[in-house]
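Q: Supplied in structure tokens, the structure appears directly below.
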Amino acid sequence: MAPTTTFTREGSYAKFSEAAKARRGPLGYMARGYEKLLQQSKTLCVRLSLVLGGLLLLLPAVLTLLFISWKVDGAIDWSWATVLVFVWMYDVLACNGTLAWLCGFLLHLFVALRLDGHVDWSWICVFIPSFVAILDWSGSSDGCYALQLIFLGLQLDHTVTWSWLVVFIPTWVPSAIGGLIFIVFVCAACFSDASSRLSALGLGLLACLGFGLLVAPQVLLLVRLGSATFSTVYIVLPWLILFGLVILVGIVAAMVMDLDDITSGPVTTPIEEEA
Numbered sequence: 599m600a601p602t603t604t605f606t607r608e609g610s611y612a613k614f615s616e617a618a619k620a621r622r623g624p625l626g627y628m629a630r631g632y633e634k635l636l637q638q639s640k641t642l643c644v645r646l647s648l649v650l651g652g653l654l655l656l657l658p659a660v661l662t663l664l665f666i667s668w669k670v671d672g673a674i675d676w677s678w679a680t681v682l683v684f685v686w687m688y689d690v691l692a693c694n695g696t697l698a699w700l701c702g703f704l705l706h707l708f709v710a711l712r713l714d715g716h717v718d719w720s721w722i723c724v725f726i727p728s729f730v731a732i733l734d735w736s737g738s739s740d741g742c743y744a745l746q747l748i749f750l751g752l753q754l755d756h757t758v759t760w761s762w763l764v765v766f767i768p769t770w771v772p773s774a775i776g777g778l779i780f781i782v783f784v785c786a787a788c789f790s791d792a793s794s795r796l797s798a799l800g801l802g803l804l805a806c807l808g809f810g811l812l813v814a815p816q817v818l819l820l821v822r823l824g825s826a827t828f829s830t831v832y833i834v835l836p837w838l839i840l841f842g843l844v845i846l847v848g849i850v851a852a853m854v855m856d857l858d859d860i861t862s863g864p865v866t867t868p869i870e871e872e873a
């Protein structure tokens, strides 16, 4: 019975992987190929090259954040269609012919047309593709996402005059709940095993730092929309710092993996070598 169960699980996992790649389109196949290359790499040099190459794939997302910040600050006079050039590239690579992909592409297109002034639709109409995509999703956060879009659309259309703190409540509530659960999980991990408490505490502090950098732009955006007049680059600065930390962690992880491969290999004595 055990071999049959194992075969069934492996077959189910293979089918799940193929379905996931089909949903993600060409980008999914690229990610899968990168994962296989990383698993098959044996030397530190090759593994570091793959890690750094994979992290460079995140560079378009970083540039998109900077382009949007510079556009809002007036540092560049590009059209929004040009500012979102890497978003169009992602849409092409992620093309898989599903309803969710089509709705995502239409959302990006409608936002660019609305910001460039080519259409004068209300923001609720601009967000319609997202509402349609929610019908194709099955996640537990769909309700918060839809509510956030409705609040944001009503505020941008001047239908309501709420404060921005109220507008972003559908985003703040899940973030607060997730942060609380994360803190409880980190504390439990730190006090579960006394022998590894110090290392768990270090990893917990590092994870808390990452979570803080992930949430900080939401706070800065709220302050900027209020009464502050600082550059929007400072809003995305925590994410840029987080990107740098991810690069460092990736390099360290590659080096540790290589060290584990060396130390886990067979140890031979001089007598065994002569034999």
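Note that the working numbering has the sequence shown beginning at 599, numbered continuously upward. We put the CB at the ideal spot given by N, CA and C, even for glycine. Note that the structure is a prediction, hence the values are computed from the model and not measured.
(1) What do you get for F828, buried or exposed, if any count of 16 or more other CB atoms within 10 angstroms of its CB means buried?
(2) Express the C-alpha separation of L700 and M853 in angstroms, rounding to a whole number.
(3) Do the CB positions of V717 and T830 come within less than 8 angstroms of each other?
(4) Beta carbon of P772, beta carbon of C742: below 8 angstroms?
(5) Give every residue of the same chain whose Cβ lies closer than 6 angstroms to the Cβ of K619, excluding the five residues on either side of it in the sequence, and list them in chain order.
(6) For W721, is the classification buried or exposed, using 16 other Cβ atoms within 10 angstroms of its Cβ as the cut-off for buried?
(7) In whole angstroms, give me the CA-to-CA distance for I767 and G776.
(8) Over the uninterrupted alpha helix (DSSP H) stretch that includes W668, give me the two end residues.
(9) Please confirm if the segment 742-759 is in contact with the segment 797-808, defined as three or more CB-CB distances below 8 angstroms between the two stretches.
(10) Would you kindly check if the distance between the Cβ of P815 and the Cβ of V834 is under 8 angstroms?
(11) Between I666 and the rest of its own chain, which residues show a CB-CB distance below 7 angstroms, the 5 nearest in sequence each way excluded?
(12) Apply the 10 Å Cβ neighbour rule to G802 and answer buried if 16 or more other Cβ atoms are within range, or exposed otherwise.
(13) From R645 to A744, what does the alpha carbon distance come to, in whole angstroms?
(14) When the Cα atoms are used, what is the spatial distance from Y632 to D755?
(15) Considering only the beta carbon of each residue, do L763 and L820 sit closer than 8 angstroms?
(16) I want to check one thing, is the minimum distance from the CB of V681 to the heavy atoms of the ligand NAP below 7 angstroms?
(17) Could you spell out the range, first to last residue, of the alpha helix (DSSP H) harbouring I732?
A: Quick answer:
(1) Position 230 of the sequence shown, counting from 1, holds the residue named residue 828. Counting Cβ neighbours within 10 Å, F828 comes out exposed, since fewer than 16 surround it.
(2) The residue you call residue 853 lines up with position 255 of the sequence shown. The residue you call residue 700 lines up with position 102 of the sequence shown. One C-alpha to the other measures close to 41 angstroms.
(3) Taking the sequence shown and counting its residues from 1, one reaches residue 717 at position 119. Taking the sequence shown and counting its residues from 1, one reaches residue 830 at position 232. No, the pair does not count as a contact, with Cβ atoms beyond the cut-off.
(4) For the purposes of this step, residue 772 is identified with residue 174 of the sequence shown, where counting begins at 1. For the purposes of this step, residue 742 is identified with residue 144 of the sequence shown, where counting begins at 1. Result yes, Cβ atoms of P772 and C742 sit closer than 8 angstroms.
(5) Along the sequence shown, read from residue 1 onward, the residue named residue 619 stands at position 21. Per-residue confidence for K619 stands at a pLDDT of 47, beneath the threshold of 50, marking its modelled position as unreliable; no derived number is given.
(6) If you number the sequence shown from 1, residue 721 lands on position 123. Classification for W721: buried.
(7) Here residue 767 refers to the residue found at position 169 of the sequence shown. Here residue 776 refers to the residue found at position 178 of the sequence shown. If I take the Cα positions, the gap works out to 14 angstroms.
(8) Position 70 of the sequence shown holds residue 668. It spans L657 to D671 - the alpha helix (DSSP H) in which W668 sits, taken as one unbroken run.
(9) no
(10) By 1-based counting over the sequence shown, the position of residue 834 is 236. By 1-based counting over the sequence shown, the position of residue 815 is 217. Yes. Within cutoff.
(11) Position 68 of the sequence shown, counted from the start, is the residue given in the question as residue 666. Cβ within range, chain order: V681.
(12) On the sequence shown, residue 802 is found 204 positions in, with the first residue counted as 1. Buried, since its Cβ has 16 or more Cβ neighbours within 10 Å.
(13) On the sequence shown, position 47 is the one that residue 645 refers to. On the sequence shown, position 146 is the one that residue 744 refers to. The straight-line gap from Cα to Cα measures roughly 41 angstroms.
(14) As a position in the sequence shown, residue 632 is number 34, starting the count at 1. As a position in the sequence shown, residue 755 is number 157, starting the count at 1. Approximately 44 angstroms, taken between the alpha carbons.
(15) Walking along the sequence shown from the start, residue 763 turns up at place 165. Walking along the sequence shown from the start, residue 820 turns up at place 222. Contact: yes.
(16) No copy of the ligand NAP occurs in the structure displayed, which carries no ligand at all.
(17) Numbered from its first residue, the sequence shown carries residue 732 at position 134. Note, I732: alpha helix (DSSP H), I726 to I732.
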